[in-house]
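Colleague:
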Amino acid sequence: MSEGRQQQGRWDRVYGVVRRIPEGKVATYGQVAELAGLGRNARQVGYALHALRSDRGVPWHRVVNARGQINLGPLGGADVTQRLRLEREGVKFNARGRIDLKAFRWTPDSRGKPGSRTPRGSRTPP
DNA sequence: AAGTTGACGGATG
DNA sequence: TCATCCGCCAACT
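Numbering follows this note's numbering, in which position 5 of the first sequence is assigned residue number 50; successive positions increment by one, without gaps.
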């Protein structure tokens, strides 16, 4: 398998990563972008999810911004749907509507261990 | 074909 | 904590 590019768009890769997010966990756009191989282009991730327009089996509701907050506009009530789904999966929201990423941030490394998370500021060395 | 946009991240003020 | 600016890159018009 050499060429893995689907003409559907590179976003399909994003969907694949989002699909890996387990229940009760959330991932940030930047995280998904990195896992999808988009680098730090988190914008494309958000745009990709928006392009979904429907679930398509992709738990887009498990993707939140780096602040652990939902960014969707109140229109359409998509943001409410997202929060409802997350709460249903066990994700707790702060009084301000924020998620404690410290406890709910998903790590593909199966690091579901509280207290141990990747320290921020450490970029990928060349 | 070219320009604009955008479910963002991160740094700075 | 919040507000504002810049940057990245593909999709969209």
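Think of the CB as a built atom: it goes at the ideal place given N, C-alpha and C, for glycine as much as any other residue.
Please read all numbers here as calculations on a predicted model, not as lab measurements.
1. Can you tell which of Leu80, Gly122, Val125, Arg112 has its C-alpha closest to the C-alpha of Asp154?
2. Considering only the alpha carbon of each residue, which of His106, Asn86, Arg141 lies closest to Lys70?
3. Would Val77 and Val90 be called neighbours here (beta carbons separated by less than 7 Å)?
4. Measuring straight from C-alpha to C-alpha, what distance separates Tyr60 and Gly82?
5. Any idea which residues DSSP pairs Ala72 with across the strands?
6. Excluding the 5 residues flanking Val136 on each side, which residues of the same chain have their C-beta closer than 7 Å to its C-beta?
7. Give the DSSP-derived three-state secondary structure of Lys55 in the structure shown.
8. According to DSSP, which residues form a beta bridge with Ile144?
9. So what's Arg150 in DSSP terms, helix, strand or just coil?
10. Less than 7 Å between the beta carbons of Arg103 and Val62, yes or no?
Modeller: In short:
1. Across the set Leu80, Gly122, Val125, Arg112, the C-alpha of Leu80 shows the shortest separation from the C-alpha of Asp154.
2. His106
3. Contact flag set, yes.
4. So the alpha carbons of these two residues sit roughly 12 Å apart.
5. Val108
6. Gly69, Val71, Ile144, Phe149
7. Before going further, note that residue 55 is Arg rather than Lys in the sequence given. Three-state result, Arg55: coil.
8. Phe138
9. strand
10. Reading the sequence as shown, one finds Val at residue 103 and not Arg. No, these two residues do not count as a Cβ contact at 7 Å.
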